[in-house]
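Chemist: The structure is given below, and queries will be raised subsequently.
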Amino acid sequence: MFSLRSITNLIFTCFFLSLSAHAQESGNILFENVRVFDGKSNSLSGPLNVLIEGNKIKSISASPVPSGDGVTKIQGNGKTLMPGLIDVHVHMAFGALSMREMMSPMLSEGVIMEKVGGSAERMLMRGFTSVRDAGGPIFPLKMGIDQGNLNGPRIWPSGATISQTAGHGDFRTPEEKSRRFFGEPSRAERFNATFIADGRDEVLTAVRENLRFGASQIKLMAGGGTSSAYDPVDVTQYTFDEMRAAVEAAEDWGTYVMVHAYTPRAVQRAIKAGVKCVEHGQMLDQKTLKLMKRKGVWLSTQNLVESTPDMDPQRVEKRKPVIEGQAKLWPMAKKMKLKIAWGTDFLFEPELNEQQNAYILKLQQWFTNTEILKMVTHDNAELLQLSGLRSPYPGKLGVVEVGALADLILVDGDPLADLSLIANPAEKFVVIMKDGKVYKNLLE
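Letter by letter, the sequence shown follows residues -23 to -1, 1 to 421 of mature numbering (1 follows the signal peptide of the UniProt record, and there is no 0).
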C-alpha cells in the first residue's frame, strides 16, 4: 500500500513534467578571457581561461587551452567569472505564497507547486545556484529540480519545521485542536509544513521522519517569532531534554540542528544542547556571541525588511526589538569574527523575492564589497557543508578552483568595484551555469 506522502510525490513529479524547461546539456565548456573572483581573494585575477568538463572545473589557465570540436566556447572579453550566489535561509514554499493564499480553502498541492516551481526557476535566473530551505514542504520540489523536470537552485532541505505546541511552528487556526488530545493533525501538518512535537519521543520521531525523506539538516523552533500568532518573541521554546533529543537524532545521521531563536536565553540553551547553527539572533548580547564564538556555532542571520504600513499591527509590534537589534548584531558579530552566514528569510510576501539580490547590498553598511561577495559564496557554502554525508550534492561549492562544482556566473563588469551589478541580474548576469549546464546565455 502506498503512503499519502508517496502518492503526493508521484503527483508532484507528474506535475513537474508539464512545467519542464531544459538547460543546455552539460559538456565541455570553455570560458575564454575572463577575470576570476574565486570566492576568497580580495581582487580579481588577470585574464584566464576556465575549462568545464562535465559538472566540474577541469582547468584554470592563463595560457590558451587546447580544445576540440566537442568544446563550446564562451568569449568572456574581460568579464568577471564568479561562484553562483547562495542564500542559506529561504522558505521555497512559504516565500512563494501570500498569507491569503496559504489560508485559502482552495489551497492544494497543485496550486502550491505551480507557484513554488515558477519561483524556483526565477531564483536560479537571479544567480542563486544553491539555497538552504529553512523549513516547509520541500521534498517534491527538490526532487523535481534534481531530476531535471524543473529549473531551480540546488536545495539543502530541512523538511517540515519542528515546533512545540504554541511554538513558532504551531500554525493552527483558532478552531484547530491539539492532535494529541483530539487525534486530528492540523492543516499545516497535513501539508508537510510543520511537525507539532512535544516531549522527547515526539521530537525524536519528527526529526527521524524528516531524515527519512532526505533532510540535510533539521530546523527546530527554539524561541518566539514575529510571524506566528501565539508566541511572544521573548519566550524560550523546547526544554533542554527535547532539544538535546533532536541533536542526538541528527548527529546519529551525521548532520546537525539549526534553531530559530532571537534571545540570549533561547540561544544559550540551544548551544548547551549541541546545536550548530543559530538562525536570526537579532536580539543577542555580547556574552552569548562570545559563547557562540567559543563553541564554533554559526550565526545565520538576515537584514530584515522594515515594517510596512499594511503589515498586521500585532506583527509590527512584535518585530520592533528584532529590527532594532539587527543594526547592532551585524557589527558585533563581525568584530568578534564569528562564523557568519547570510540569508533572506522572505515569508508570505512573494513580491519580495525579486529583491533577493538587492538585499545583498544592504550589507554594505558593515562590510566591504569583497567581504560581502565572500559571504554569499564561499562562506555560505562552508555552512552548507555542515550537513556532511547528508549533503545532497557531494563536491565543493562557493569557489572557482580546479575540481569544484561548476556553479558559475559571468558578470558584465567588476562586482568587487561595483556591487550594484549583483542587484541587476537580468542585465548583468550574462551567463548562469549550474552543475556544468548553462541555464542562461545572453552572449549567444
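For each residue, glycine too, the CB sits at the ideal point set by N, CA and C.
Could you pull the start and end residues of the alpha helix (DSSP H) that Tyr336 belongs to?
Modeler: The residue labelled residue 336 in the question sits at position 359 within the sequence shown. Segment 335 to 338, the alpha helix (DSSP H) holding Tyr336.
Chemist: Are the C-beta of Thr171 and some C-beta of chain C separated by less than 8 Å?
Modeler: In the displayed structure, chain C is absent; only one protein chain is listed.
Chemist: Going by C-alpha distance, which of Gly144, Glu219, Arg149 is nearest Met198?
Modeler: Sequence index remark: in the sequence shown, residue 198 carries index 221 (1-based). Comparing Cα-Cα distances from Met198 to each of Gly144, Glu219, Arg149, the minimum goes to Gly144.
Chemist: Any contact of the region 116 to 131 with the region 73 to 84, i.e. 3+ C-beta pairs under 8 Å?
Modeler: They do not touch, by the three-pair rule.
Chemist: If Leu350 sits next to Pro308, beta carbons under 8 Å apart, how far is it from one beta carbon to the other, in whole angstroms?
Modeler: Working through the sequence shown from its first residue, we reach residue 350 at position 373. Working through the sequence shown from its first residue, we reach residue 308 at position 331. Incorrect: roughly 19 Å between the Cβ atoms, too far for contact.
Chemist: With burial defined as no fewer than 16 other Cβ atoms inside 10 Å of the residue's Cβ, what is the status of Met69: buried or exposed?
Modeler: Start at 1 with the first residue of the sequence shown, and residue 69 comes out as number 92. Buried, by the Cβ-count rule.
Chemist: Taking Cβ positions, are Leu276 and Ile300 nearer each other than 8 Å?
Modeler: Counted from its first residue, the sequence shown places residue 276 at position 299. Counted from its first residue, the sequence shown places residue 300 at position 323. Against a cut-off of 8 Å, the Cβ pair of Ile300 and Leu276 comes out as no contact.
Chemist: In the structure shown, what three-state DSSP assignment does Glu404 receive?
Modeler: Locating residue 404 in the sequence shown gives position 427, where the first residue counts as 1. Of the three classes helix, strand and coil, the one that applies to Glu404 here is helix, per DSSP.
Chemist: Ignore the nearest five residues each way along the sequence and tell me which others in Lys56's own chain have a CB closer than 8 Å to its CB.
Modeler: One-based indexing of the sequence shown puts residue 56 at position 79. Within the same chain, Lys56 has close Cβ partners Val11, Arg12, Leu387, Val388, Asp389, Gly390, Val407.
Chemist: Is it buried or exposed, Thr203, if we count other Cβ atoms within 10 angstroms and call 16 or more buried?
Modeler: Residue mapping note: residue 203 aligns to position 226 of the sequence shown, counting from 1. Label assigned to Thr203: buried.
Chemist: Does the structure place the region 232 to 243 close enough to the region 254 to 270 that three or more beta carbon pairs sit under 8 Å?
Modeler: Result yes; three or more Cβ-Cβ pairs closer than 8 Å.
Chemist: Among Ala383, Phe14, Val48, which one has its Cα closest to the Cα of Ile6?
Modeler: Locating residue 6 in the sequence shown gives position 29, where the first residue counts as 1. It is Val48.
Chemist: Where does Leu26 fall in DSSP's three states?
Modeler: What you label residue 26 is simply residue 49 of the sequence shown in a count that begins at 1. Note that residue 26 corresponds to Asn in the displayed sequence, not to Leu. Reduced to three states, the DSSP call for Asn26 is strand.
Chemist: Beta-carbon within less than 7 Å of Leu266's beta-carbon, same chain only, minus the 5 sequence neighbours each way: which residues are those?
Modeler: For the purposes of this step, residue 266 is identified with residue 289 of the sequence shown, where counting begins at 1. The answer, listed in chain order, is Met309, Ala310, Met313, Leu315.
Chemist: Let me know the secondary structure DSSP gives Ala(-3) once reduced to three states.
Modeler: As a first step, residue -3 is located in the sequence shown; it is residue number 21 there, counting from the start. Bear in mind that a pLDDT of 47 at Ala(-3), under 50, signals an unreliable position, so the model cannot answer this.
Chemist: Identify whether Leu21 lies in helix, strand or coil by the three-state DSSP scheme.
Modeler: For the purposes of this step, residue 21 is taken as the residue at position 44 of the sequence shown. Note: Leu21 maps to coil in three-state DSSP.
Chemist: Alpha carbon to alpha carbon, how far is Glu348 from Arg156?
Modeler: Counted from its first residue, the sequence shown places residue 348 at position 371. Counted from its first residue, the sequence shown places residue 156 at position 179. Spanning the two alpha carbons is a distance of roughly 47 Å.
Chemist: Shortest alpha-carbon distance to Pro402 belongs to which of Leu58, Val27, Arg103?
Modeler: Residue numbering aside, residue 402 sits at position 425 when the sequence shown is read from its first letter. Here the closest residue by C-alpha is Arg103.
Chemist: Can you tell me where the alpha helix (DSSP H) with Ile89 in it begins and where it stops?
Modeler: Indexing the sequence shown from 1 puts residue 89 at position 112. Per DSSP, Ile89 belongs to the alpha helix (DSSP H) from 86 to 102.
Chemist: I'd like the ranges of any beta strand (DSSP E) spanning at least 3 consecutive residues and lying wholly in the region 212 to 250.
Modeler: Counting only runs of 3 or more, we get 234 to 238.
Chemist: What does the alpha-carbon distance come out to for the pair Arg246 and Arg164?
Modeler: The count along the sequence shown starts at 1 and reaches residue 246 at position 269. The count along the sequence shown starts at 1 and reaches residue 164 at position 187. The alpha-carbon atoms of Arg246 and Arg164 are separated by roughly 30 Å.
Chemist: May I have the straight-line CA-CA distance separating Met76 from Pro290, to the nearest angstrom?
Modeler: Numbered from 1 along the sequence shown, position 99 holds the residue referred to as residue 76. Numbered from 1 along the sequence shown, position 313 holds the residue referred to as residue 290. Using only the alpha carbons, I get a separation of about 15 Å.
Chemist: For Leu360 and Asn418, I'd like the C-alpha separation in whole angstroms.
Modeler: Your numbering for residue 360 matches position 383 in the sequence shown. Your numbering for residue 418 matches position 441 in the sequence shown. Straight-line Cα distance between these residues: approximately 29 Å.
Chemist: Within its chain, find whatever has a CB closer than 6 Å to the CB of Arg221; leave out the 5 residues flanking it on each side and keep chain order.
Modeler: Working through the sequence shown from its first residue, we reach residue 221 at position 244. Counting only Cβ-Cβ distances below 6 Å, and skipping sequence neighbours, we find Ala250.
Chemist: If you compare alpha carbons, which of Ala243, Ser284, Leu363, Gln303 is closest to Leu329?
Modeler: Reading the sequence shown from its first residue, position 352 is the one you call residue 329. Minimum Cα distance to Leu329 is reached at Ser284.
Chemist: Hey, how far is the Cα of Lys50 from the Cα of Glu404?
Modeler: Within the sequence shown, residue 50 is the residue found at index 73, counting from 1. Within the sequence shown, residue 404 is the residue found at index 427, counting from 1. Their backbone Cα atoms lie some 21 Å apart in a straight line.
Chemist: If you draw a straight line from the alpha carbon of Pro296 to that of Gly201, how long is it in whole angstroms?
Modeler: To locate residue 296, count along the sequence shown from 1; it is residue 319. To locate residue 201, count along the sequence shown from 1; it is residue 224. Inspection of the sequence shows that residue 296 is occupied by Arg rather than by Pro. Near 11 Å, if we compare the C-alpha coordinates of Gly201 and Arg296.
Chemist: In or out: Ala(-3) buried (at least 16 other Cβ within 10 Å) or exposed?
Modeler: Residue mapping note: residue -3 aligns to position 21 of the sequence shown, counting from 1. Because the pLDDT at Ala(-3) is just 47, under 50, the model does not fix this residue reliably, and the point stays unresolved.
Chemist: Could you check the C-alpha separation between Gln263 and Gly231 for me, to the nearest Å?
Modeler: For the purposes of this step, residue 263 is taken as residue 286 along the sequence shown, with counting starting at 1. For the purposes of this step, residue 231 is taken as residue 254 along the sequence shown, with counting starting at 1. Rounded to the nearest angstrom, the two C-alpha atoms are 30 Å apart.
Chemist: Whose CA, out of Ile89, Ser44, Phe14, lies closest to the CA of Gly61?
Modeler: Reading the sequence shown from its first residue, position 84 is the one you call residue 61. Looking at the Cα atoms, Phe14 is the closest of the given residues.
Chemist: If you reduce the DSSP assignment to three classes, tell me which class Ser205 lands in.
Modeler: Locating residue 205 in the sequence shown gives position 228, counting from the first residue. Coil, per DSSP.
Chemist: Among all the DSSP beta bridges, which residues are the ones paired with Arg131?
Modeler: Here residue 131 corresponds to residue number 154 of the sequence shown, with the count starting at 1. DSSP output for Arg131 lists Ser107 as bridge partner(s).
Chemist: What's the gap between the Cα of Val180 and the Cα of Ala318?
Modeler: Indexing the sequence shown from 1 puts residue 180 at position 203. Indexing the sequence shown from 1 puts residue 318 at position 341. Their Cα atoms are separated by approximately 27 Å.
Chemist: How many Å lie between Leu25 and Ala304 at the Cα?
Modeler: Translated into positions along the sequence shown, residue 25 becomes position 48. Translated into positions along the sequence shown, residue 304 becomes position 327. So the two alpha carbons sit approximately 39 Å from each other.
Chemist: Is it the case that the Cβ atoms of Asp322 and His66 are separated by a distance below 8 Å?
Modeler: Residue mapping note: residue 322 aligns to position 345 of the sequence shown, counting from 1. Residue mapping note: residue 66 aligns to position 89 of the sequence shown, counting from 1. In contact: Asp322 and His66 (Cβ atoms closer than 8 Å).
Chemist: Using CA coordinates, which residue listed in Leu21, Ile63, Ser40, Leu58 is at the minimum distance from Asp356?
Modeler: Here residue 356 refers to the residue found at position 379 of the sequence shown. Among Leu21, Ile63, Ser40, Leu58, the Cα nearest to that of Asp356 is on Ile63.
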